[in-house]
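Asker: In order, the protein sequences belong to chains A and B.
1 is the number of the first residue of the first sequence in the numbering used here; add one for each residue after it.
1001 is the number of the first residue of the second sequence in the numbering used here; add one for each residue after it.
C-beta: ideal position from N, C-alpha, C; glycine also.
Below is one structure. I have some questions about it.
Protein chains: 2
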Amino acid sequence: MDTLATRPFPRRRGRPPKDASGSYAETRSLLIRTGLAVLTEKGYSSVGIDEILRMVAVPKGSFYHYFPSKEAFGQVLIAAYADYFAHKLDRCLLDTSYSPLQRLRNFVEDAKQGMAKHDYRRGCLVGNLGQEMAVLPESFRRQLSDVFQDWQQRTERCLRDAQHSGEIDPALDCVQLASFFWIGWEGAVLRAKLEQQPMPLDIFVNGFFTLLEQGRR
Amino acid sequence: MDTLATRPFPRRRGRPPKDASGSYAETRSLLIRTGLAVLTEKGYSSVGIDEILRMVAVPKGSFYHYFPSKEAFGQVLIAAYADYFAHKLDRCLLDTSYSPLQRLRNFVEDAKQGMAKHDYRRGCLVGNLGQEMAVLPESFRRQLSDVFQDWQQRTERCLRDAQHSGEIDPALDCVQLASFFWIGWEGAVLRAKLEQQPMPLDIFVNGFFTLLEQGRR
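Pasting the structure below:
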């Protein structure tokens, strides 16, 4: 079995072969989109590059025309997922037509619908790879950790807005709470995948919003 | 690469070969202990049975004398880990020389020390396999889910003791809180492994204990 994590295939040099999927940029983008779909479901270790290439009808030998190495492909996938997810977060958390806490609830609802749409098979690419870190290229560690940091900062800003608007106690530590949210949320996504249902997401989010009510009773 | 998840090797029949590690029962037990150590670090998909057999100096061909299939080996490992962990939980949560909440804190401290001892490389076997469920034998799903259920029930009993002793509000929902604990704790173990430090465990546990203080201010 070729896996992203283990067996390299020989690098071929020269001009990229023509294929049915159009231009170089289009094919590269298709490889990224397909990689994201596969890795959010299966993680990294168990996935073969062959599998991804077959799905997009790209000949095996031409992979290295698009990415210098499997590790680099992984890094590009993490960056692309981070980018996609930052936009998803911003779409909810910066939508001032809702109160700050409602924006956070909207994100949760959006994420829940996303998991339901894929029958709870797909989770979070960053959570999957974080769990597998012991067998991944060491360069992924900092990158994955930075992605969580970025999501936490976006969440922290939303919580500060909730303080300014009087929805939560101004004494709460928004840095800790945002960190708590992402630590627990990844556990909830893991359980929702395992149990193929949204209840773990609901239980975690209810607990988190109860935490936000501290000092308001 | 042979992995637990993919390539079966041919089953051999007949008497188990003699090996250096002693009796049949001893060798089987050694395979289980080694499997547990490897899977708590690396998960299931990326691990080859060859790797485990080499570590215990058991010839490749004799694996099927000890386990009927790789899937069965995985099931035995999950059951062995569940058993080991239930004892670990009971040792803390049933120790009446401490208050119920202190028992829960003792468990957390014990788990933290366990992760530190292995330099945050080893996490939770059930969390690892839960995350990988999309690529594992379907028989694992119910088994893993039942293990979480068991841990939650032990935790729930401890929280009820805390209600009886007046440490937490009698109105709190111990079922939900125990479930919340295990959902978030697995996320915290994931992050602690990724960041190779205990802070995610501390942040989650601090938040959880704050939740337990509801209604007491």
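(1) Measuring only between beta-carbons, confirm whether A:Thr210 sits less than 8 Å from chain B.
(2) Leaving out five residues on either side along the sequence, give the residues of the same chain with a beta carbon under 6 Å from the beta carbon of B:Gly1043.
(3) Is it the case that the segment 1162–1177 of chain B contacts the segment 1089–1107 of chain B, given that we only count it when at least three CB pairs across the two stretches are under 8 Å?
(4) A:Phe180 by DSSP, collapsed to three states: which one?
(5) So which of B:Glu1186, B:Gln1152, B:Ile1203, B:Leu1190 has the shortest CA-CA distance to A:Cys174?
(6) Look at the alpha carbon of B:Met1199 and the alpha carbon of A:Ser145, and state the distance between them as a whole number of angstroms.
(7) Are A:Val58 and A:Leu31 touching if we call contact CB-CB under 8 Å?
(8) Quick check on A:Lys193: buried or exposed, where buried means 16 or more other Cβ atoms within 10 Å of its Cβ?
(9) So does B:Leu1144 have its beta carbon nearer than 7 Å to some heavy atom of the ligand GDP?
(10) Thinking just about the alpha-carbon of each residue, which of A:Ala86, A:Gln163, A:His118 is nearest to the one in A:Ala37?
(11) Pull up the distance between the alpha-carbon of B:Gln1214 and that of B:Leu1172, whole angstroms please.
(12) Considering only the alpha carbon of each residue, which of B:Val1135, B:Gln1152, B:Glu1109 lies closest to B:Ser1179?
(13) Do you know how far the Cα of A:Trp182 is from the Cα of A:Arg141?
(14) Quick one: grab the DSSP three-state call for A:His87.
(15) Taking 8 Å as the cut-off, decide whether the C-beta atoms of B:Phe1208 and B:Gly1184 are in contact.
(16) Using a Cβ-Cβ cut-off of 8 Å, state whether A:Glu109 counts as contacting chain B.
(17) Buried or exposed for A:Glu138, please, with buried defined as at least 16 other CB atoms from any protein chain shown within 10 angstroms of its CB.
(18) May I ask you to report which of helix, strand or coil DSSP gives A:Asp119?
(19) Chain B beta carbons: is any one of them nearer than 8 Å to that of A:Pro137?
(20) Please list, in chain order, the chain A residues whose beta carbon lies closer than 7 Å to that of B:Phe1180.
(21) Any beta carbon of chain A sitting closer than 8 Å to that of B:Met1115?
(22) For A:Ala141, which residues in chain B fall below 7 Å Cβ to Cβ?
(23) Under 8 Å, do A:Tyr66 and A:Arg28 count as touching if we go by C-beta distance?
(24) What is the DSSP secondary structure of B:Gln1196, reduced to helix, strand or coil?
(25) Chain A partners of B:Arg1103, CB-CB under 9 Å?
(26) Establish whether the CB of B:Gly1127 and some CB of chain A are separated by less than 8 Å.
(27) Using a Cβ-Cβ cut-off of less than 9 Å, give me the residues of the segment 146–157 of chain A that come near chain B, in sequence order.
(28) Tell me which residues share the same chain as A:Arg160 and place their Cβ nearer than 7 Å to its Cβ, disregarding the 5 neighbours each side in the sequence.
(29) How close, in whole Å, do the beta carbons of B:Asn1106 and B:Cys1124 come, if the pair is a contact with beta carbons under 8 Å?
(30) List the residues of chain B whose Cβ lies closer than 9 Å to the Cβ of A:Met55, in chain order.
Answerer: In this structure, then:
(1) yes
(2) Asn1128, Glu1132
(3) yes
(4) helix
(5) B:Ile1203
(6) 13 Å
(7) yes
(8) buried
(9) For the ligand GDP, the structure offers nothing, since it holds no ligand at all.
(10) A:His118
(11) 8 Å
(12) B:Gln1152
(13) 17 Å
(14) helix
(15) yes
(16) no
(17) exposed
(18) coil
(19) no
(20) Ile203, Phe204, Gly207
(21) no
(22) Inspection of the sequence shows that residue 141 of chain A is occupied by Arg rather than by Ala. Chain B residues near A:Arg141: Leu1194.
(23) yes
(24) coil
(25) Those do not exist, as B:Arg1103 stays about 21 Å from chain A at its closest Cβ, beyond 9 Å.
(26) yes
(27) Phe148
(28) Cys174
(29) Contact flag wrong, Cβ pair sits at about 18 Å.
(30) In chain order: nothing, as chain B lies at least about 16 Å away.
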